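Trainee: Chains A and B, in that order, are what the protein sequence lines are.
Read in full-length UniProt numbering, the first sequence has 17 at position 17, and its numbers run on one by one without any break.
Read in full-length UniProt numbering, the second sequence has 201 at position 201, and its numbers run on one by one without any break.
Glycine included, every Cβ here is placed at the ideal spot set by N, Cα and C.
Being a predicted model, the structure only gives us computed values, none of them experimental.
2 protein chains.
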Amino acid sequence: MTFDYAHQTDWPMTSGQHQSPIDIQTQHVQSSQLSAINWRGLYQAKTITGEATTLKASGIGAAYLNDRDFAFQQIHFHTPAEHLIDGQAAPIEWHLVHQSATGQLAVVAVFGRIGKPNSSLQGLLDQFTAQTSHELTTPVNLTELLPDTGTVYHYLGSLTTPPLSETVEWYVCADTVMIGEQQLAAYQQLFAANNRKIQPLNDRPIIAERF
Amino acid sequence: MTFDYAHQTDWPMTSGQHQSPIDIQTQHVQSSQLSAINWRGLYQAKTITGEATTLKASGIGAAYLNDRDFAFQQIHFHTPAEHLIDGQAAPIEWHLVHQSATGQLAVVAVFGRIGKPNSSLQGLLDQFTAQTSHELTTPVNLTELLPDTGTVYHYLGSLTTPPLSETVEWYVCADTVMIGEQQLAAYQQLFAANNRKIQPLNDRPIIAERF
Chain A
1 MTFDYAHQTD WPMTSGQHQS PIDIQTQHVQ SSQLSAINWR GLYQAKTITG
51 EATTLKASGI GAAYLNDRDF AFQQIHFHTP AEHLIDGQAA PIEWHLVHQS
101 ATGQLAVVAV FGRIGKPNSS LQGLLDQFTA QTSHELTTPV NLTELLPDTG
151 TVYHYLGSLT TPPLSETVEW YVCADTVMIG EQQLAAYQQL FAANNRKIQP
201 LNDRPIIAER F
Chain B
1 MTFDYAHQTD WPMTSGQHQS PIDIQTQHVQ SSQLSAINWR GLYQAKTITG
51 EATTLKASGI GAAYLNDRDF AFQQIHFHTP AEHLIDGQAA PIEWHLVHQS
101 ATGQLAVVAV FGRIGKPNSS LQGLLDQFTA QTSHELTTPV NLTELLPDTG
151 TVYHYLGSLT TPPLSETVEW YVCADTVMIG EQQLAAYQQL FAANNRKIQP
201 LNDRPIIAER F
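Put into structure tokens, the structure is as follows:
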């Protein structure tokens with residue numbers, strides 16, 4: 001394309017080609033020996049916020065993501081799952097949002113499946129109140145919401161809610177984490193479906209990394 | 001902000017707050033012990049392209065940037081420099097564009113200063129022909145265009161030409177590299193000024209890293 005340095009304010013800015021969520025087609029992923037996630041330090045929720053569309057909990061935690069230092073910021077939930085694996089949706093997906101010193105966002109996406117009740121999720125549900133934000137007198141330990149084995153699908157994408165900024169490193173965990181059937185029902189009583197529609201992959205590679 | 005999952009196509013997409021180039025105000029940078037750049041393998045130009053606004057050379061090369069694997073794609077030039085350091089512009093800046101396996105772009109920006117002639121730049125100028133692209137029978141060694149000491153200013157920004165996508169890790173080298181006065185004049189004979197105007201930093205941190 002041609003562009004004129006004398007008329008810079010006319011230059012077009014293109015975005016919208018690297019959006020999230022996506023359908024991860026496992027036959028098309030590339031394998032890598034890169035280390036996706038190394039949890040370090042305790043993950044704890046210190047504040048719970050009842051947003052219009054989801055339960056959000058902010059707190060402390062830290063991980064090495066692709067061997068770089070990231071600080072945990074907040075966890076929130078989507079029902080049903082936003083990312084698909086080979087076209088299949090889990091009943092729930094949660095996002096562990098992290099940020100680096102440069103401001104790089106990295107989100108670890110975890111799928112829940114129905115099984116034994118999850119004490120970390122229960123801790124959040126017990127202290128939730130609609131449409132308010134409050135600090136917790138006793139922090140909720142988030143350990144049971146973190147997976148610790150299996151493949152991680154890594155790709156570059158966007159926030160899945162407005163402003164949809166294309167500034168997110170995604171780490172989508174193939175390993176699922178169990179939550180209770182009644183816990184899922186309780187969450188769905190509180191919030192309507194909040195999964196953004198699947199977006200085109202376009203020219204982006206997806207890398208399957210070790211965990 | 002509020003948004004409705006039943007009307008997702010109406011959701012706004014925000015970008016334009018993390019553009020490049022910027023003026024790096026050194027009194028406001030944060031120090032880090034992170035390793036910015038480790039060159040590995042030979043940097044060689046294999047193809048030279050005379051674009052409308054710059055000389056571009058594609059080839060081979062590889063570096064660890066923040067300890068991650070990146071492949072060199074191409075080098076091109078801006079006169080005067082695009083990035084400023086404390087409001088000061090160098091006469092020329094070149095961009096070593098790299099990409100990772102996930103498609104992450106990382107650009108190493110290097111400032112030239114007037115001094116002894118640079119044999120790598122001379123190799124590119126000697127084989128340049130306007131408005132055409134051609135493979136080189138003898139690759140040009142780019143070693144003299146790579147700095148190897150000093151502080152590196154790392155921040156998250158954008159391409160500096162359309163489509164201005166906000167998908168670039170910038171590594172701006174404080175160390176300057178010498179080029180000949182006649183080499184700069186020869187380059188300026190070929191191309192008019194092609195520096196994009198300085199963009200607002202907004203909320204972005206700048207990290208001073210080791211090299």
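What is the DSSP secondary structure of residue 93/B, reduced to helix, strand or coil?
Mentor: Of the three classes helix, strand and coil, the one that applies to residue 93/B here is strand, per DSSP.
Trainee: Can you check whether the CB of residue 164/B is closer than 9 Å to the CB of residue 94/A?
Mentor: For residue 94/A and residue 164/B, no; Cβs fall outside 9 Å.
Trainee: Would you kindly work out how many angstroms separate the C-alpha atoms of residue 40/A and residue 69/A, rounded to a whole number?
Mentor: The straight-line gap from Cα to Cα measures roughly 10 Å.
Trainee: If you count every other CB in all the chains shown that lies within 10 Å of the CB of residue 28/B, and 16 or more means buried, which is it?
Mentor: The residue is exposed, with fewer than 16 neighbouring Cβ atoms inside 10 Å.
Trainee: The alpha helix (DSSP H) spanning residue 19/A covers which residue range?
Mentor: Residue 19/A -> no alpha helix (DSSP H), and no H or E assigned at all.
Trainee: Quick one, which of 89/A, 146/A, 118/A has its alpha-carbon nearest residue 97/A's?
Mentor: Out of 89/A, 146/A, 118/A, 146/A has the C-alpha closest to the C-alpha of residue 97/A.
Trainee: For residue 9/B, collect the residues of the same chain with a Cβ closer than 6 Å to its Cβ; drop the 5 residues on either side in sequence, then sort them by chain order.
Mentor: Cβ neighbours of residue 9/B beyond the five flanking positions: none.
Trainee: Could you work out which residue in 168/A, 148/A, 143/A is closest to residue 155/A when comparing CA atoms only?
Mentor: The candidate whose alpha carbon is nearest that of residue 155/A is 168/A.
Trainee: Along the region 57-71 of chain B, what residues have a CB closer than 7 Å to any CB found in chain A?
Mentor: Under the 7 Å Cβ criterion, the region 57-71 of chain B contributes 66, 67, 68.
Trainee: Between the C-alpha atoms of residue 157/A and residue 33/A, what's the straight-line distance to the nearest angstrom?
Mentor: Looking at the two C-alpha atoms, the distance is approximately 21 Å.
Trainee: Mapping the DSSP letters down to three states, classify residue 62/A as helix, strand or coil.
Mentor: Correct three-state label for residue 62/A: strand.
Trainee: For the candidate residues 152/B, 110/B, 118/B, whose alpha-carbon lies nearest to that of residue 186/B?
Mentor: Minimum Cα distance to residue 186/B is reached at 118/B.
Trainee: Please list the terminal residues of the continuous beta strand (DSSP E) segment that includes residue 105/B.
Mentor: It spans 105-114 - the beta strand (DSSP E) in which residue 105/B sits, taken as one unbroken run.
Trainee: I'd like to know if residue 156/B contacts chain A, where contact means its C-beta is closer than 9 Å to some C-beta of that chain.
Mentor: Yes, because at least one Cβ of chain A sits closer than 9 Å to the Cβ of residue 156/B.
Trainee: Three Cβ pairs or more, each shorter than 8 Å: is that satisfied between the region 12-27 of chain B and the region 119-126 of chain B?
Mentor: Cβ pair count under 8 Å is below three, so no.
Trainee: Using DSSP's beta-bridge definition, name the partner residues of residue 135/A.
Mentor: According to DSSP, which records beta bridges pairwise, residue 135/A is partnered with 47/A.
Trainee: Please identify, using Cβ separations under 9 Å, the residues of the region 158-170 of chain B that lie next to chain A, in order along the chain.
Mentor: The region 158-170 of chain B vs chain A, Cβ under 9 Å: 158, 161, 162, 163, 164, 165, 166, 167, 169.
Trainee: In chain order, what residues of the same chain lie with their CB nearer than 6 Å to the CB of residue 58/A, ignoring the 5 residues before and after it?
Mentor: Taken in chain order, the residues that qualify are 47, 74.
Trainee: So residue 248/B contacts chain A; which residues on that side make the cut at Cβ distance below 9 Å?
Mentor: Coverage of chain B is limited to positions 1 through 211, which leaves residue 248/B absent and any answer about it impossible.
Trainee: Mind checking whether residue 43/A and residue 138/A have CB atoms under 9 Å apart?
Mentor: Contact flag unset, no.
Trainee: Can you check whether the C-beta of residue 185/A is within less than 9 Å of a C-beta belonging to chain B?
Mentor: No, its Cβ sits nowhere closer than 9 Å to a Cβ of chain B.
Trainee: Mind checking the region 90-105 of chain A against chain B and listing, in chain order, the residues whose C-beta falls within less than 7 Å of any C-beta there?
Mentor: Residues 101, 102, 103, 104.
Trainee: Please report the residue range of the alpha helix (DSSP H) in which residue 190/B lies.
Mentor: Per DSSP, residue 190/B belongs to the alpha helix (DSSP H) from 181-190.
Trainee: Note down, in chain order, every chain A residue with its Cβ under 7 Å from the Cβ of residue 32/B.
Mentor: 101, listed in chain order.
Trainee: Taking Cβ positions, are residue 5/B and residue 106/A nearer each other than 9 Å?
Mentor: Their beta carbons are not under 9 Å apart, which means residue 5/B does not touch residue 106/A by this criterion.
Trainee: Roughly how many angstroms lie between the CA atoms of residue 151/A and residue 102/A, to the nearest whole one?
Mentor: Roughly 27 Å separates the two Cα atoms.
Trainee: Using DSSP with H/G/I as helix, E/B as strand and the rest coil, what is residue 126/B?
Mentor: Looking at residue 126/B - three-state DSSP - the assignment turns out to be helix.
Trainee: What's the C-alpha gap between residue 173/A and residue 23/B?
Mentor: Approximately 39 Å between the Cα atoms of the pair.
Trainee: Considering just the uninterrupted stretch of the beta strand (DSSP E) at residue 69/B, what are its terminal residues?
Mentor: Element bounds for residue 69/B: 68-78.
Trainee: Answer yes or no: do residue 77/B and residue 60/B have a C-beta to C-beta separation smaller than 9 Å?
Mentor: Not closer than 9 Å, so no.
Trainee: Can you give the Cα-Cα distance for residue 130/B and residue 71/B, rounded to whole angstroms?
Mentor: If you take the alpha carbons of residue 130/B and residue 71/B, they lie about 27 Å apart.
Trainee: With a CB to CB cut of under 8 Å and the five nearest residues on each side skipped, what residues in its chain are close to residue 54/B?
Mentor: Contacts found: 76, 77, 78, 191, 194.
Trainee: With a threshold of 16 other CB atoms inside 10 Å of the CB of residue 56/A, please say whether the residue is buried or exposed.
Mentor: Result: buried.
Trainee: From this set, 88/B, 3/B, 36/B, 81/B, which residue's C-alpha is nearest residue 25/B's C-alpha?
Mentor: The option with the nearest alpha carbon to residue 25/B is 88/B.
Trainee: DSSP state of residue 82/B, grouped into three classes?
Mentor: DSSP places residue 82/B in coil when its eight states are reduced to three.
Trainee: So, does the CB of residue 11/B fall closer than 9 Å to a CB anywhere in chain A?
Mentor: So yes, residue 11/B belongs to the interface.
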